[in-house]
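Undergrad: The sequence shown stops at residue 525 when you use our numbering, and every number in between is there.
Built from N, CA and C at the ideal position, the CB exists for glycine as well.
Note that the structure is predicted; figures quoted are calculated from it, not measured.
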Amino acid sequence: MANKSLSMQKIRQILLLLSRGHSERSIAKQTQVSRPTIHHYSVIFSSAGSDYNYSTLMELTDQELNLLVEGGKSGKVQVPDLRKVHFFEQADYFISELRKVGVTRYLLWQEYLEAYPDGFQYSRFCELLDSAMSTRKPSMHLYHIPAELMEVDFAGSKLHYVDQDSGEVIECPVLVGVLPFSGYSFVQALVDASLPQVVSALNNMLDYLGGVPLNAISDNMKQWVSKTCRYEPTFPEMLQQWAVHNHIGLLATRPASPKDKASVENQVLITYRRIYALLRNTTFHSLAEINTGIMQKLEEHHRKNFQKKTYSRQELFVSQEQGLLQALPDTVYHLRHYTRGKVHKNYHVVIGEDWHFYSVPFTYVGKEVRIVYDSDHVEIYYGHGRIALHTRNFKSHGYSTQLEHMPENHKIIAQQKGWDPEYYLRKASENGPSTRAFFDELMKSKITIHQAYGPCLGILRLVKEHGGDRVEAACKRALQGHKYNYGVINTILENNMDLLAEASEAHSPIPAHNNLRGAENYKTK
1 MANKSLSMQK IRQILLLLSR GHSERSIAKQ TQVSRPTIHH YSVIFSSAGS
51 DYNYSTLMEL TDQELNLLVE GGKSGKVQVP DLRKVHFFEQ ADYFISELRK
101 VGVTRYLLWQ EYLEAYPDGF QYSRFCELLD SAMSTRKPSM HLYHIPAELM
151 EVDFAGSKLH YVDQDSGEVI ECPVLVGVLP FSGYSFVQAL VDASLPQVVS
201 ALNNMLDYLG GVPLNAISDN MKQWVSKTCR YEPTFPEMLQ QWAVHNHIGL
251 LATRPASPKD KASVENQVLI TYRRIYALLR NTTFHSLAEI NTGIMQKLEE
301 HHRKNFQKKT YSRQELFVSQ EQGLLQALPD TVYHLRHYTR GKVHKNYHVV
351 IGEDWHFYSV PFTYVGKEVR IVYDSDHVEI YYGHGRIALH TRNFKSHGYS
401 TQLEHMPENH KIIAQQKGWD PEYYLRKASE NGPSTRAFFD ELMKSKITIH
451 QAYGPCLGIL RLVKEHGGDR VEAACKRALQ GHKYNYGVIN TILENNMDLL
501 AEASEAHSPI PAHNNLRGAE NYKTK
């Protein structure tokens, strides 16, 4: 096995395929991991006594699964699989029967199980049959396996709506997905073609289907494949997380091989004829209106019978495919972002998108960590363990600091020499009522009280630099506005704005006389 350790994401993908009965050769091909490495993990999972119990092993945390993998000892004993021997003895019979009218793989599998109850499950049966057929290279019709695959692609042409306020024509890319067995499909217009939009549409697609197919395939578009390779494509981490959450395998077509996803290529053409063409004279004013129109035409399409057949796509899907789909997970996959960063000397890492800093335990200073965040939370990982959890804060150049992340000497300073609200409010009161009032407003404006400590400390240092009277005047002036931070006070002092009010009152350029108008002269009658 290679010295380089596989990611937990890849190990879980291998575990999923092993649990489905895929051969080591097949898994190696799908995951682009060497066959000896697949065998190594297969032995480890077998020795765990789980018999590839996917639900049990997938409940382990990354740390627990890593301990199992690193502690496993691979053996060299090869035990012949009698089921496989028995299957290949009948392979010629299966292939010859498939040439007969009306005979399907599913029928042959049912007959096979009657004769051999401990035989392979349907997906493994089909895989071995494909292997046997490839050695004989017969010419036959290609059958799609129910619930095995979902093909995904963008339509080449976009739909559009007209903004009611500006009159601007807004173009919207359209994502198409189809189950090849039944032809049951899903179509959705998107805000843009970014990966988060694609993942959101994939969530809607699975919800529409009411279940999860075994695999999803698309071409080498950038939203699906981050690194193109004929033999080893790399998928974006967000897409991999979506796949693991939904227990679905990710596949990519060979470069410049549209026949690898022929069903969705055909579905795009059907979408043009049965959705685009019927909506061409309709003016939409929002993305929601477009998708409502799409769904109406899509439902009509599903209810129409196939050409020269007596049943529809909807009937075929409901009767033969929907029940074979995997169950939807309890929760919908939540879009998350991933980045890496180095812990600064002040034991914080930064999310560049917001330029906000988050603390981690000080022992990780200088370490490279993985940052996972969404609209609500920020999680920071070192290795496979989470070392910090914060509420997402969008304040630019702000700090989210947790007391327990500080070294002991910093905690003492924080707890005894000012890093608490009472200390700063007491110091502010000593300087003056306006300073105290400004500190009150500053603390209220922060999501957590710890975020106010830095600005408060900075303002107290301005007292030493400019004097308490000037800082008091600056706070009085700042309270007339609505921004409460260190920068406001510093700007007022640097520009001597705290002195302007006093100067204008002491040296009025217009002498007092009876002809001056008062405020009452400007009131609207």
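In chain order, what are the residue ranges of uninterrupted alpha helix (DSSP H) at least 4 long that sit wholly in the stretch 100 to 139?
TA: Correct list: 105 to 115 and 122 to 136.
Undergrad: Which residues in the same chain as H405 place their Cβ atom closer than 8 angstroms to its Cβ, once the five residues preceding and following it in sequence are excluded?
TA: Here the set comprises Y347, S359, V360, P361, F362 and A388.
Undergrad: Looking at the unbroken beta strand (DSSP E) that takes in Q188, where does it start and where does it end?
TA: It spans S185 to A189 - the beta strand (DSSP E) in which Q188 sits, taken as one unbroken run.
Undergrad: Using the beta-carbon count (16 or more within 10 Å), is A506 buried or exposed?
TA: The predicted position of A506 is uncertain, since its pLDDT is 44 and thus under 50; no value can be drawn from it.
Undergrad: Three-state secondary structure (DSSP) at R436?
TA: DSSP places R436 in helix when its eight states are reduced to three.
Undergrad: From which residue to which residue does the beta strand (DSSP E) around D153 run?
TA: Note, D153: beta strand (DSSP E), L149 to F154.
Undergrad: Put Y424 into one of helix, strand or coil per three-state DSSP.
TA: Helix.
Undergrad: For the candidate residues L328, G454, V365 and L335, whose alpha-carbon lies nearest to that of K345?
TA: Among L328, G454, V365 and L335, the Cα nearest to that of K345 is on V365.
Undergrad: Round the Cβ separation of L298 and P213 to the nearest angstrom and send it over; I've been treating them as touching at under 8 angstroms.
TA: Actually they do not touch by this definition, with Cβ atoms about 18 angstroms apart.
Undergrad: Between the alpha carbons of Q320 and V103, how many angstroms are there, rounded?
TA: Those two C-alpha atoms are separated by around 16 angstroms.
Undergrad: Compute the distance between the beta-carbons of G183 and V152, then report whether it is under 9 angstroms.
TA: For G183 and V152, no; Cβs fall outside 9 angstroms.
Undergrad: Keeping to the same chain, check which residues put their C-beta closer than 6 angstroms to that of G75; ignore five residues upstream and five downstream.
TA: Note that G75 scores a pLDDT of 40, beneath 50, so its modelled location is shaky and nothing firm can be said.
Undergrad: Within 10 Å of its beta-carbon, does E300 have 16 or more other beta-carbons around it, so buried, or fewer, so exposed?
TA: Label assigned to E300: exposed.
Undergrad: With three or more C-beta pairs closer than 8 angstroms as the rule, is the stretch 476 to 493 touching the stretch 441 to 448?
TA: In short, these stretches touch, since the Cβ pair count reaches three.
Undergrad: Could you check what DSSP says for Y93 in three-state terms: helix, strand or coil?
TA: In this structure, Y93 counts as helix in the three-state DSSP scheme.
Undergrad: Would you grab the beta carbon distance between V187 and I275 for me? Rounded to a whole angstrom, and I think it's under 8 angstroms.
TA: That belief holds up - the Cβ atoms of V187 and I275 are roughly 6 angstroms apart, short of 8 angstroms.
Undergrad: Excluding the 5 residues preceding and the 5 following P80 in the sequence, name in chain order all residues of the same chain whose CB lies nearer than 6 angstroms to its CB.
TA: Reliability fails at P80, whose pLDDT of 37 lies under 50, so the model's placement of it is uncertain and no value is given.
Undergrad: Buried or exposed: where does Y112 fall if 16 or more other Cβ atoms within 10 Å of its Cβ makes it buried?
TA: Result: buried.
Undergrad: Can at least three beta-carbon pairs, one atom from the stretch 367 to 386 and one from the stretch 421 to 431, be found at a separation below 8 angstroms?
TA: Touching, no, given that fewer than three Cβ pairs across the two stretches are closer than 8 angstroms.
Undergrad: Cβ atoms of V169 and L190: under 9 angstroms apart, would you say?
TA: No, the pair does not count as a contact, with Cβ atoms beyond the cut-off.
Undergrad: Cutting at 8 angstroms between CB atoms, please list the residues of its own chain near R340, excluding the five before and the five after it.
TA: Hits under 8 angstroms: E368, V369, R370 and I371.
Undergrad: Evaluate contact between the stretch 4 to 19 and the stretch 239 to 252, counting only Cβ atoms and requiring at least three cross-stretch pairs below 8 angstroms.
TA: Short answer: they touch.
Undergrad: Check S46 in the structure and name its three-state DSSP category.
TA: Reduced to three states, the DSSP call for S46 is helix.
Undergrad: Bridge partners for N215 per DSSP, in chain order?
TA: N215 pairs with L149 and G249.
Undergrad: Please state the DSSP three-state secondary structure of L562.
TA: Examination of residue 562 is not possible in this model, given that the chain is present from 1 through 525 alone.
Undergrad: Answer yes or no: do S445 and N485 have a C-beta to C-beta separation smaller than 9 angstroms?
TA: For S445 and N485, yes; Cβs fall inside 9 angstroms.
Undergrad: Considering Cα atoms alone, identify which of K464, S5, Y338 and E127 is closest to R25.
TA: Residue E127 is the option with its Cα nearest to R25.
Undergrad: Nearest to P70 by CA position, among L500, A91 and F45, is which residue?
TA: Residue identity differs from the one stated: residue 70 is Glu in this sequence, not Pro. Checking every option, the nearest Cα to that of E70 belongs to F45.
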